[in-house]
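Per our numbering: the sequence shown = residues 24 to 163.
Using N, Cα and C, we set each Cβ at its ideal position, and we do this for glycine too.
Right, one structure below, let's go through it.
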Amino acid sequence: METGFEVHIACSFDEAVERVTQALKAEGFGVLTRIDVHKTLKEKLGEDFRPYVILGACNPPLAHKALCTDPVVGLMLPCNVTVEADPAGGCLARIANPEAMLLMGQLGENSALQEVARQARRKLENVAEALLQAEAGASG
24 METGFEVHIA CSFDEAVERV TQALKAEGFG VLTRIDVHKT LKEKLGEDFR
74 PYVILGACNP PLAHKALCTD PVVGLMLPCN VTVEADPAGG CLARIANPEA
124 MLLMGQLGEN SALQEVARQA RRKLENVAEA LLQAEAGASG
């Protein structure tokens, strides 16, 4: 099973983050956290790293359903989405596959959680597809 989905976006880093955020919003996800990896590594280690953020995305109805099924699933929340500058040009967005994350833990046998993860995966696949379609429209 794939651990996530990857989409190349031909635009600036800030625009890519905005596009990803809007595509998540269209599928009912809010961004709860934004970790600026570039800034953190510079401040903490003095290291230069390409522009890179980790967005913690949450779909409240799905998160609620999952947490009511088994509160341990909170260790796997929120859904992580990364956006990074691609050294070859443009940006890469990577979206974690919730089903794969569930299987990595001890919760993979819980059929109710599997269904929530499937629903989340479908929505996140829609996010990736929306980004691909926008990219095709921009280059076509």
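| task | Could you check the C-alpha separation between P121 and A143 for me, to the nearest Å? | result | 7 angstroms
| message | For the beta strand (DSSP E) containing Q78, name the first residue and the last one. | response | One detail in the question is off: residue 78 reads as Leu in this sequence, not Gln. Run containing L78: 75-81, per the beta strand (DSSP E) assignment.
| message | When you compare the segment 107-124 with the segment 28-39, are there three or more beta-carbon pairs, one atom per stretch, that lie closer than 8 angstroms? | response | yes
| Beta-carbon gap between V150 and A86 smaller than 7 angstroms | no
| field | Burial state of K48 (16 or more Cβ within 10 Å) | value | With fewer than 16 other Cβ atoms within 10 Å, it is exposed.
| task | Report yes or no: do three or more beta-carbon pairs, one from the segment 54-65 and one from the segment 74-84, lie closer than 8 angstroms? | result | yes
| field | Distance, M127 Cα to V96 Cα | value | 11 angstroms
| task | In the DSSP assignment, find the unbroken alpha helix (DSSP H) run with V104 in it and report its ends. | result | Unbroken run through V104 is the beta strand (DSSP E), 102-108; no alpha helix (DSSP H).
| said: Check this for me: beta carbons of M24 and A135, under 7 angstroms apart or not? | reply: The answer is no: Cβ separation not under 7 angstroms.
| field | Bridge partner(s) assigned by DSSP for F28 | value | I118
| Helix, strand or coil at D59 according to DSSP, with G and I counted as helix | strand
| request: Report the rounded CA-to-CA distance for L125 versus A161, giving the unit in angstroms. | output: In a straight line, the C-alpha of L125 is about 35 angstroms away from that of A161.
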